[in-house]
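Residue numbers (our numbering), protein chains in the order written: chain A, 1 to 400; chain B, 401 to 635. Read the structure below first, then the notes.
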Ligand SMILES: Nc1ncnc2c1ncn2[C@@H]1O[C@H](COP(=O)(O)OP(=O)(O)OP(=O)(O)O)[C@@H](O)[C@H]1O
Ligand SMILES: [Mg+2]
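Right, here's the structure in full:
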């Protein structure tokens, strides 16, 4: 027996290939959409991996430091170091802002890292692709390659200029913004230091406040002003554990004795995936559903019209004794062939377009396999309409 | 298999019901022996196509009896389960227009029928080629239908009707699109095949050119047949 579907495709291959390419571009968009979601999750995981922390100690009852603002006193890390099971504890600040030089402005996540060394102090970039780590206490920066700076470039964060001394790769925030590492003190200033006008105004206000400016208590005003202008906060303390200590145990001890909120790695992942990008991922899921429905409608329409064109031939085939299952198989095979062409085109277009997207698009083999079977399932469903119509064709139509 | 041709008695066919009922066939009887070619003529709307559809097991008659060879296929109800297999194996169709499958070449258009019946591809193609040779279109065996002339298409379609060596061939105005020379050639082929393959052939026609070639003609008027001896002129 010859393949009727195959012969028909060979006969009208132009139509097939063109509709296959059209469908393929749609499937490509769908795959990229799934890749955007995977990329978001992966960005979140990269953020956690790169911080090198086992525990995140944050302000009580907040989901900080990534999903909610959090501030912790910058001396808390010392007391944490004394807790059993804690190997390293380091302050860290995170602030997403615009950074830039005259020719290049990007949205970046500025990370303030505590003095220390990479590999032992959590928060430091674990590896560089160019240049060196920060060695001075001020005005040096290690930036992600996605920010578009080169080693030696200078850029401004608030009032200060920083020199790029090293470059990293895949160090991004959960929303895909490249990271800029600067020394903690600088970062604290960038985050908490007010401008001169504001400081002047606040001094004036304090001086005018009889509660602070008391003639009977000399020195009180100065003390108040000093306390107002010092910045002793960080967003979180990153903690690494000594071997042999369970994260949950140490976290419980810190919660109990330090009255702070502590997240383990898996809890943090839950916050990032479940809360921070939850709306975005539902948005993407919605798009995936729409794209699936649109693809199904297109396949159904194409197969329907290809079958409509063959009504006469189908009547003849039935008249000369072709079984229904042979005719149904012909239509379904064509639908599947269209799906396979579409998938191949879609996979290729997704692979080539993924790097062009500004945010990370992660195409996983599992998604491709799932996508392939989804396409086949959609094609089978879509062909049912055409098959139904073909089976209703009356063989008598072939005779005048 | 003994071949007794086709025998129908008292076939009637009513389309629809009640006020809108159309009595397309009222009382039709015919007997066509193996090896015989008979004409079926009548004015438009007289029920020719309806009769052919009943004979071809495409639509169900309302009453009557049809026998194909030794097998009773209709006796106030179908006596055969698988009508498609019956059509495939026992009945050859030749239509007014060739209705070839556009995506199969001439050989495969013909070979498809034996293939549907389970004959291996090579054997089916060999049979198709044999018929193409007999019909003198073997040089176009690999052409697609769109590349064939009208007459060539019609010959391929006749070959398709013959390929499973059915005991009955039903032809609905097979010469309508052809000039008189080609029409005569088709009639000659049908007569040759009827003789060679012992096939009973019924040809519906309006074609004045070929009517004189039939030895027997059935006239159908208002759903009733009348037999008449034809001129049986040679072609
Ligand atoms: N499916 C149908 N439903 C109802 N009436 C029908 C149907 N098919 C045919 N008829 C009627 O049955 C009668 C016979 O039709 P038929 O097609 O057999 O005529 P015909 O002899 O083939 O005519 P022509 O030479 O014009 O092809 C006509 O009156 C026609 O209107
Ligand atoms: Mg007719």
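All residues carry an ideal CB built from backbone N, CA and C; glycine is no exception.
Practice prompt. Go through the residues and name those whose CB comes closer than 5 Å to any heavy atom of ligand 1, in chain order.
Written response: Those residues are B:415, B:422, B:424, B:444, B:445, B:446, B:447, B:448, B:449 and B:450, given in chain order.
Item to complete: Measure the alpha-carbon distance for residue 401 (chain B) versus residue 5 (chain A) and round it to whole angstroms.
Response: On the second chain, residue 401 (chain B) is found 1 positions in, with the first residue counted as 1. On the first chain, residue 5 (chain A) is found 5 positions in, with the first residue counted as 1. In this prediction, residue 401 (chain B) has a pLDDT of 40, which is less than 50 and means its spatial position is unreliable; what the coordinates show is noted afterwards. Going by the C-alpha atoms only, they are around 36 Å apart.
Worksheet item: Taking Cβ-Cβ distances below 7 Å as the criterion, which residues of the region 367 to 400 of chain A are in contact with chain B?
Response: For the region 367 to 400 of chain A, the residues whose beta carbon sits under 7 Å from a beta carbon of chain B are, in order, 395, 396, 398, 399 and 400.
Discussion item. Closer than 8 Å is the cut-off here; do at least three beta carbon pairs connect the region 351 to 371 of chain A with the region 276 to 291 of chain A?
Written reply: They do not touch, by the three-pair rule.
Discussion item. As a quick exercise: from B:616, B:546 and B:522, pick the residue whose alpha carbon is nearest that of residue 11 (chain A).
Written reply: Counted from its first residue, the first chain places residue 11 (chain A) at position 11. When only C-alpha atoms are compared, the closest one is B:546.
Discussion item. Going by DSSP in three states, residue 512 (chain B) sits in which element: helix, strand or coil?
Written reply: Taking the first residue of the second chain as position 1, residue 512 (chain B) is located at position 112. In this structure, residue 512 (chain B) counts as helix in the three-state DSSP scheme.
Item to complete: Would you kindly work out how many angstroms separate the C-alpha atoms of residue 340 (chain A) and residue 565 (chain B), rounded to a whole number?
Response: Within the first chain, residue 340 (chain A) is the residue found at index 340, counting from 1. Within the second chain, residue 565 (chain B) is the residue found at index 165, counting from 1. Roughly 40 Å separates the two Cα atoms.
Item to complete: Kindly give me the distance between the Cβ atoms of residue 461 (chain A) and residue 111 (chain A), rounded to whole angstroms, as I take these residues to be in contact under 8 Å.
Response: Residue 461 (chain A) lies beyond the residue range present for chain A, which begins at 1 and ends at 400; the question has no answer from this structure.
Worksheet item: Since residue 621 (chain B) is in the alpha helix (DSSP H), which residue starts that stretch and which ends it?
Response: By 1-based counting over the second chain, the position of residue 621 (chain B) is 221. Annotation for residue 621 (chain B): no alpha helix (DSSP H) segment contains it, though the beta strand (DSSP E) segment containing it runs 616 to 621.
Worksheet item: What's the C-alpha gap between residue 420 (chain B) and residue 414 (chain B)?
Response: As a working mapping, residue 420 (chain B) is identified with position 20 in the second chain. As a working mapping, residue 414 (chain B) is identified with position 14 in the second chain. In this structure, the alpha-carbon of residue 420 (chain B) lies about 10 Å from that of residue 414 (chain B).
Practice prompt. Indicate whether residue 169 (chain A) and residue 163 (chain A) have their beta-carbon atoms separated by less than 8 Å.
Written response: The residue you call residue 169 (chain A) lines up with position 169 of the first chain. The residue you call residue 163 (chain A) lines up with position 163 of the first chain. No; because the gap between Cβ atoms is not below 8 Å, this pair is not in contact.
Worksheet item: So, does the CB of residue 319 (chain A) fall closer than 8 Å to a CB anywhere in chain B?
Response: The sequence position of residue 319 (chain A) within the first chain is 319, counting from 1. Answer yes: the Cβ-Cβ gap between residue 319 (chain A) and chain B drops below 8 Å somewhere.
Discussion item. Determine, for residue 451 (chain B), whether the minimum Cβ-Cβ distance to residues of chain A falls below 8 Å.
Written reply: As a first step, residue 451 (chain B) must be located in the second chain, where it is residue number 51. Not one chain A Cβ lies under 8 Å of residue 451 (chain B).
Worksheet entry | Own chain residues within Cβ distance below 7 Å of residue 316 (chain A), not counting five before or after | Position 316 of the first chain holds residue 316 (chain A). Taken in chain order, the residues that qualify are 398.
Fill in: Secondary structure of residue 413 (chain B), DSSP reduced to three states
Position 13 of the second chain, counted from the start, is the residue given in the question as residue 413 (chain B). Here residue 413 (chain B) sits in strand by DSSP.
Practice prompt. Measure the CB-CB distance between residue 435 (chain B) and residue 581 (chain B) and report whether it falls below 8 Å.
Written response: Taking the second chain and counting its residues from 1, one reaches residue 435 (chain B) at position 35. Taking the second chain and counting its residues from 1, one reaches residue 581 (chain B) at position 181. Contact: no.
Worksheet item: How big is the Cα-Cα spacing for residue 507 (chain B) and residue 308 (chain A)?
Response: As a position in the second chain, residue 507 (chain B) is number 107, starting the count at 1. As a position in the first chain, residue 308 (chain A) is number 308, starting the count at 1. Their backbone Cα atoms lie some 25 Å apart in a straight line.
Worksheet item: Since residue 16 (chain A) is in the alpha helix (DSSP H), which residue starts that stretch and which ends it?
Response: Taking the first residue of the first chain as position 1, residue 16 (chain A) is located at position 16. Per DSSP, residue 16 (chain A) belongs to the alpha helix (DSSP H) from 13 to 51.
Discussion item. Could you check whether residue 60 (chain A) and residue 71 (chain A) sit closer than 8 Å to each other, using their CB atoms as the reference points?
Written reply: Within the first chain, residue 71 (chain A) is the residue found at index 71, counting from 1. Within the first chain, residue 60 (chain A) is the residue found at index 60, counting from 1. At least 8 Å separates the beta-carbon of residue 71 (chain A) from that of residue 60 (chain A).
Worksheet item: Given residue 544 (chain B), which residues of its chain have a CB within under 6 Å of its CB, disregarding the five upstream and five downstream residues?
Response: The residue you call residue 544 (chain B) lines up with position 144 of the second chain. Excluding positions up to five away in sequence, the list reads 505.
Item to complete: Drop a sphere of 10 angstroms on the beta-carbon of residue 161 (chain A), count the other beta-carbons inside from all chains shown, and report buried for 16 or more, exposed for fewer.
Response: Here residue 161 (chain A) refers to the residue found at position 161 of the first chain. With fewer than 16 other Cβ atoms within 10 Å, it is exposed.
Worksheet item: DSSP on residue 196 (chain A), reduced to helix/strand/coil?
Response: Numbered from its first residue, the first chain carries residue 196 (chain A) at position 196. Residue 196 (chain A) falls in the helix class under three-state DSSP.
Discussion item. Can you check whether the C-beta of residue 17 (chain A) is within less than 8 Å of a C-beta belonging to chain B?
Written reply: Against the first chain, residue 17 (chain A) aligns to sequence position 17. False, the Cβ-Cβ gap to chain B never drops below 8 Å.
Item to complete: List the residues of chain B that residue 8 (chain A) touches, going by C-beta distances under 8 Å, in chain order.
Response: Indexing the first chain from 1 puts residue 8 (chain A) at position 8. Here the neighbours are 503.
Discussion item. Which same chain residues end up closer than 7 Å to residue 631 (chain B) when comparing Cβ atoms and leaving out the 5 residues on each side of it in sequence?
Written reply: Numbered from its first residue, the second chain carries residue 631 (chain B) at position 231. When the five nearest sequence neighbours on each side are left out, the beta carbons in the same chain lying within less than 7 Å of the beta carbon of residue 631 (chain B) are those of 612, in order along the chain.
Worksheet item: Could one say the Cβ of residue 13 (chain A) lies closer than 8 Å to chain B's Cβ atoms, at least one of them?
Response: Position 13 of the first chain holds residue 13 (chain A). Judged by the 8 Å Cβ criterion, residue 13 (chain A) is not in contact with chain B.
Discussion item. Taking 8 Å as the limit between beta carbons, can you name the residues of its chain near residue 80 (chain A), skipping five residues before and five after?
Written reply: Reading the first chain from its first residue, position 80 is the one you call residue 80 (chain A). Cβ within range, chain order: 57, 86, 89, 237, 239, 254 and 258.
Worksheet item: What is the rounded straight-line gap between the Cα of residue 440 (chain B) and the Cα of residue 451 (chain B)?
Response: Here residue 440 (chain B) refers to the residue found at position 40 when the second chain is read from its first residue. Here residue 451 (chain B) refers to the residue found at position 51 when the second chain is read from its first residue. Linking residue 440 (chain B) to residue 451 (chain B) through their CA atoms gives a straight-line distance of about 10 Å.
Worksheet item: Which stretch, first to last residue, makes up the beta strand (DSSP E) that contains residue 324 (chain A)?
Response: Numbered from its first residue, the first chain carries residue 324 (chain A) at position 324. Counting along the chain, residue 324 (chain A) falls outside any beta strand (DSSP E), though it belongs to the alpha helix (DSSP H) covering 324 to 353.
Worksheet item: Nearest-angstrom Cα distance between residue 216 (chain A) and residue 203 (chain A)?
Response: As a first step, residue 216 (chain A) must be located in the first chain, where it is residue number 216. As a first step, residue 203 (chain A) must be located in the first chain, where it is residue number 203. Rounded to whole angstroms, residue 216 (chain A) and residue 203 (chain A) show a C-alpha spacing of 19 Å.
Practice prompt. Could you pull the start and end residues of the beta strand (DSSP E) that residue 624 (chain B) belongs to?
Written response: The residue labelled residue 624 (chain B) in the question sits at position 224 within the second chain. Start and end: 624 to 629.
Worksheet item: How close, in whole Å, do the beta carbons of residue 627 (chain B) and residue 605 (chain B) come, if the pair is a contact with beta carbons under 8 Å?
Response: Taking the second chain and counting its residues from 1, one reaches residue 627 (chain B) at position 227. Taking the second chain and counting its residues from 1, one reaches residue 605 (chain B) at position 205. Not really, about 16 Å apart at Cβ, beyond 8 Å.
Fill in: Distance between residue 282 (chain A) and residue 322 (chain A) (C-alpha atoms, nearest Å)
Here residue 322 (chain A) corresponds to residue number 322 of the first chain, with the count starting at 1. Here residue 282 (chain A) corresponds to residue number 282 of the first chain, with the count starting at 1. Their backbone Cα atoms lie some 48 Å apart in a straight line.
Discussion item. For a minimum of 4 consecutive residues, which ranges assigned as the alpha helix (DSSP H) are wholly contained in the region 493 to 567 of chain B?
Written reply: Entirely contained in the region 493 to 567 of chain B, the alpha helix (DSSP H) runs reaching 4 residues are, in chain order, 506 to 516, 521 to 534 and 550 to 562.
Discussion item. Within a Cβ cutoff of 6 Å, which residues of the same chain sit near residue 571 (chain B), ignoring the five residues on either side of it in sequence?
Written reply: Here residue 571 (chain B) refers to the residue found at position 171 when the second chain is read from its first residue. These residues qualify, in order along the chain: 494 and 603.
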